[in-house]
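The structure appears right after this line, and notes come after that.
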Amino acid sequence: MSSQAIFVLFNGLASGMAFFLVAAGLTWVFGILKILNLAHGAFFMLGAYIAFTVGGGWPASIWSFLGVALIAAAAIGVLGYLTDQLVLKRLRDVDYHYALIATFGLMLFCEGAAKFIWGTDYQAVMPPPEVDRAVVVGGSYISVYTLFVIGIGVSVFAALEIIMHRTWAGKIMRAVSNDPWMAGTLGINVPMVLMVSVIASFALAGFAGGILVPNQALSPHVGASFVLYAFMAVVIGGLGSIRGTFLACILLGLVESANATFLSQYGGIAIYVVLAIFLVWKPTGLFPAQGAT
Amino acid sequence: MDQHSSTLMQGRPAFSSPMLKAAVLALLFILLLSAPAMLNAGLLFWVGMTMIQAVFALSWNLLFGFTGLASFGHAGFYAIGAYFTGAALRYDFPLPFLGILALAGIFGALVALAIGVVALKRLTGIFLAVLTVALTEAMAKIIGFSPALGEQDGLGNIPRPIVGFGVFNLDLTHSNDYYRFLLVAVALMVAALWWVVHSRIGRSFRAVREDAERARFIGINVTRVRVLSFMISGGTAALAGALSAPWTRIVTLDQVNWLASTQPILNSLLGGFTSFWGPVVGAAVYTAINYWTRTFAGLSEMLVGGILVLVILIAPTGIVGLLGKLTRRIRKNGDRT
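Protein chains in written order, with UniProt numbering: chain A, 1 to 293; chain B, 1 to 337.
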């Protein structure tokens, strides 16, 4: 493989995993609550800001960086609990249009709050020193932070796969996702499962914010661009399917990366072409989930 | 809801609701017409933008409130109109201004037709939402790469037109004159939309929204009705954009992103999507919130977002629905005493 192809491959995988870190929580909540949470990107953004506030712009080591990301995850998880109690709980049985628009209002609220608290100036966070360098792979310089993001993305996917398909908790989740009423009659505490899923999804968004913040210029709008790709991945993958989302994220990441390298004068367009083709070709996604409308 | 109000209307004097509405509208029109004399240029600009946003919101709500389809990329249509008109005026296309406006509307409707034919048969709900968002983003990217359309900087220095009516010319270069033209154009478009909603076509839209299956049984071609609604909505949104270009005199990419697409959604929901006038009320309220909070970064988003969540949770029919409930309650009390 030429060095350019390797470059495209690694960058694509890294973007794909970045999309996946955001999309995982999104598709999880959709699978269980049947709510497409438009505010997911805003909570990702809040996680990034919390990581920036707690850890500062120059993380001392990779361990403190990961610790800060976990603090962000915990903080956003708490926000998730509050959001669930105040808003999402009341949206369980309403038309999906209302849920979409309510979560959109939530997104606006969070962006406004971020502007209010942190201002509109751009902030920057450096990658931790251990990964802030490049290695040569097949004649191409690859940043170690890129490899780090790929590693985190794959680990999160593996963890979710094991939880969902190899544990008792995952079985309960899938039962509730398939048929909440039946699950309830079997003695599963459905409201509890829904709440835990929301908290976990939000915590994932916060964690993603902490991990991905070195990649971007941090502003109150940082969530908007990420969540758009995450939506596309969730739709291509089949709403609610974590495996499908994972594959779709890799696909979108690679397309985006190839587009940026080989057709840089039209950067960022190919991904929409791919989405349009997929939507027309497979309107319910790669792995259609039950209950997706 | 309509049924409810009509039963209440029985036995009440004939001068009440429709006459009152007409009187309010006439008063509003006269007030808006005299706005240039009463307001400074800055405020007048806000008023003009509110009128454009009101039409934009009405176009979105025709789709959502009356046909039951949600487009989350409506800014794309608006931008088609705005960029086309902006480019036509800036580069001096040999076309009369009214012709440019008409073409902008037709372009919007044609794009809607293309999307509708490909997508509306297969996609509804969340998939349609994501597709419309994605198409709008793609359009923004393409505009961002087009030097003729100003790339990232936007298309600036758009001149205001002189409209030729054959016998006489209407010079709209002064902002007060363009404002009056805008007001008349907006009023005509609102009237046209009102007619659409209350005509036979509007009834078929509502039939499809209520129950697509039943509508099919009674012989309504559901896909065709949806595409038609999408076309009228897209064309109107493009016209709103077309009218905005000479008013703002600059068209930027901020008008094409998906946050811009949510503006008509916000206005419709805020005002109440079950009523025809809801989006207009919403646009006015939204502008007022924005105007009063413009010096505090983030406050307007927090307010609007918070209100939106509250509206959904407490009063899903919006301000107009809330007012309706209130007046009904007052009337009921009045009847008892």
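The beta carbon of each residue, even a glycine, is placed where N, CA and C say it ideally should be.
Contacts that residue i makes with chain A (C-beta to C-beta distance below 7 Å)
i                      : result
B:M302                 : F109, G112, A113 and F116
B:F127                 : V235, L279 and P283
residue 367 of chain B : A question about residue 367 of chain B goes unanswered here, because the residues of chain B that appear run from 1 up to 337.
B:T262                 : F104
B:I319                 : Near B:I319 there are no residues of chain A at all, since even the closest Cβ is about 15 Å away, more than 7 Å.
B:L269                 : I101
B:G73                  : Going along chain A, no residue has its Cβ under 7 Å from B:G73, so there is no contact; the nearest lies around 11 Å.
Within 8 Å, strictly: CB atoms of residue i and residue j
i                      : j      : result
A:M232                 : B:V285 : no
A:P288                 : A:G238 : yes
B:A57                  : B:S268 : yes
B:S261                 : B:F72  : yes
B:I142                 : A:I269 : yes
B:L266                 : B:L323 : no
residue 341 of chain B : B:L43  : A query on residue 341 of chain B cannot be resolved here, the shown segment of chain B reaching from 1 to 337 and no further.
A:G47                  : A:A205 : yes
Residue-level contact to chain A via CB, residue i, 8 Å cutoff
i      : result
B:W247 : no
B:W258 : yes
B:G272 : no
B:A185 : no
B:T287 : no
B:V130 : yes
B:V309 : yes
B:L299 : yes
B:I158 : no
B:G65  : no
B:I265 : yes
B:M1   : Because the pLDDT of B:M1 is 41, which lies under 50, any placement of that residue in the model is unreliable, and the number read from its coordinates should be weighed accordingly. Output row for B:M1: interface = no.
B:F97  : no
B:F145 : yes
Contact with chain B by residue i, beta-carbon distance below 8 Å
i                      : result
A:R90                  : yes
A:T293                 : Per-residue confidence for A:T293 stands at a pLDDT of 36, beneath the threshold of 50, marking its modelled position as unreliable; no derived number is given.
A:V280                 : yes
A:Q265                 : yes
residue 294 of chain A : In the structure as shown, chain A begins at 1 and stops at 293. Residue 294 of chain A is therefore absent and cannot be evaluated.
A:L36                  : yes
A:I269                 : yes
residue 307 of chain A : As shown, chain A starts at 1 and ends at 293. That puts residue 307 of chain A outside it, with no answer to give.
A:A72                  : no
A:A276                 : yes
A:L228                 : yes
A:L239                 : yes
Contacts that residue i makes with chain A (C-beta to C-beta distance below 9 Å)
i      : result
B:A240 : Result: empty, since nearest Cβ-Cβ is about 21 Å, beyond 9 Å.
B:E151 : Going along chain A, no residue has its Cβ under 9 Å from B:E151, so there is no contact; the nearest lies around 12 Å.
B:G282 : Correct list: empty, because the minimum Cβ distance to chain A is about 12 Å.
B:I312 : V87, R90, L91, V94, Y98, A99, I101, A102 and G105
Under 8 Å by beta carbon: chain B residues contacting residue i
i      : result
A:L26  : Per Cβ cutoff of 8 Å: no residues; A:L26 is ~12 Å from chain B at best.
A:Y272 : A134, L135, E137, A138 and K141
Contacts of residue i in chain B (Cβ-Cβ under 7 Å)
i     : result
A:H97 : A70
Contact test: residue i Cβ vs the ligand PLP heavy atom, cutoff 7 Å
i     : result
B:F64 : Judged by which ligands are present, the structure shown has none, so any question about the ligand PLP falls away.
Nearest-angstrom Cβ-Cβ length linking residue i and residue j, presumed shorter than 8 Å
i      : j      : result
A:L218 : A:Y81  : The pair is not a contact, with the Cβ atoms about 25 Å apart (cut-off 8 Å).
B:G81  : B:A238 : 3 Å
B:V158 : B:L170 : Note that residue 158 of chain B is Ile in the sequence shown, not Val. Contact doesn't hold; Cβ gap of about 18 Å is too wide.
A:I32  : A:L91  : Actually they are not in contact, since the Cβ atoms of A:I32 and A:L91 sit about 13 Å apart, beyond 8 Å.
A:P283 : B:F127 : 6 Å
A:A260 : A:G267 : 5 Å
A:V125 : A:V234 : That belief does not hold up - the Cβ atoms of A:V125 and A:V234 are roughly 27 Å apart, past 8 Å.
A:T103 : A:A23  : 15 Å between Cβ atoms; not a contact.
B:M139 : B:V256 : 6 Å
A:V68  : A:G240 : The pair is not a contact, with the Cβ atoms about 31 Å apart (cut-off 8 Å).
B:V133 : A:L251 : Contact flag wrong, Cβ pair sits at about 18 Å.
Contact set between residue i and chain B, taken where Cβ atoms lie within less than 9 Å
i      : result
A:A224 : N257, W258 and L259
A:A51  : Simply none; closest approach about 20 Å.
A:L254 : Neighbours of A:L254 on chain B: none; closest Cβ ~18 Å, over 9 Å.
Cβ of residue i within 8 Å of any chain C Cβ
i      : result
A:F231 : The structure shown contains no chain C; the protein chains it does contain are A and B.
Neighbour list for residue i in chain A, Cβ cutoff strictly below 8 Å
i      : result
B:V118 : V280
B:G154 : Residues of chain A passing the Cβ test: none, with the nearest at roughly 18 Å.
B:F56  : Chain A residues near B:F56: none, gap ~17 Å exceeds 8 Å.
* Taking three-plus beta-carbon pairs below 8 Å as touching, is the segment 94 to 110 of chain B in contact with the segment 266 to 283 of chain B? -> The segment 94 to 110 of chain B vs the segment 266 to 283 of chain B: no contact.
* Is the segment 101 to 119 of chain B in contact with the segment 266 to 273 of chain B, if contact means three or more CB pairs nearer than 8 Å? -> Verdict: no, contact absent.
* **Touch test, the segment 289 to 296 of chain B against the segment 182 to 198 of chain B, Cβ-Cβ under 8 Å, three pairs minimum** => The answer is no - the segment 182 to 198 of chain B does not touch the segment 289 to 296 of chain B, with fewer than three Cβ pairs under 8 Å.
* Give a yes or no on contact between the segment 191 to 198 of chain A and the segment 68 to 85 of chain A, applying the rule of three or more CB pairs nearer than 8 Å. => Yes, the segment 191 to 198 of chain A touches the segment 68 to 85 of chain A.
* To do: Would you check if the segment 84 to 91 of chain B and the segment 212 to 223 of chain B touch, i.e. whether three or more CB-CB distances between them fall below 8 Å?
  => No: fewer than three Cβ pairs fall under 8 Å.
* Asked: Can at least three beta-carbon pairs, one atom from the segment 15 to 32 of chain B and one from the segment 194 to 204 of chain B, be found at a separation below 8 Å?
  -> Short answer: they don't touch.
* Do the segment 163 to 170 of chain A and the segment 90 to 109 of chain A make contact, defined as three or more Cβ pairs closer than 8 Å? -> By the Cβ criterion, the segment 163 to 170 of chain A is not in contact with the segment 90 to 109 of chain A, since fewer than three pairs of Cβ atoms, one from each stretch, lie closer than 8 Å.
* Please determine if the segment 43 to 54 of chain A and the segment 67 to 79 of chain A are in contact, where contact requires at least 3 C-beta pairs separated by less than 8 Å. => Yes, since at least three Cβ pairs between the segment 43 to 54 of chain A and the segment 67 to 79 of chain A fall closer than 8 Å, the two stretches touch.
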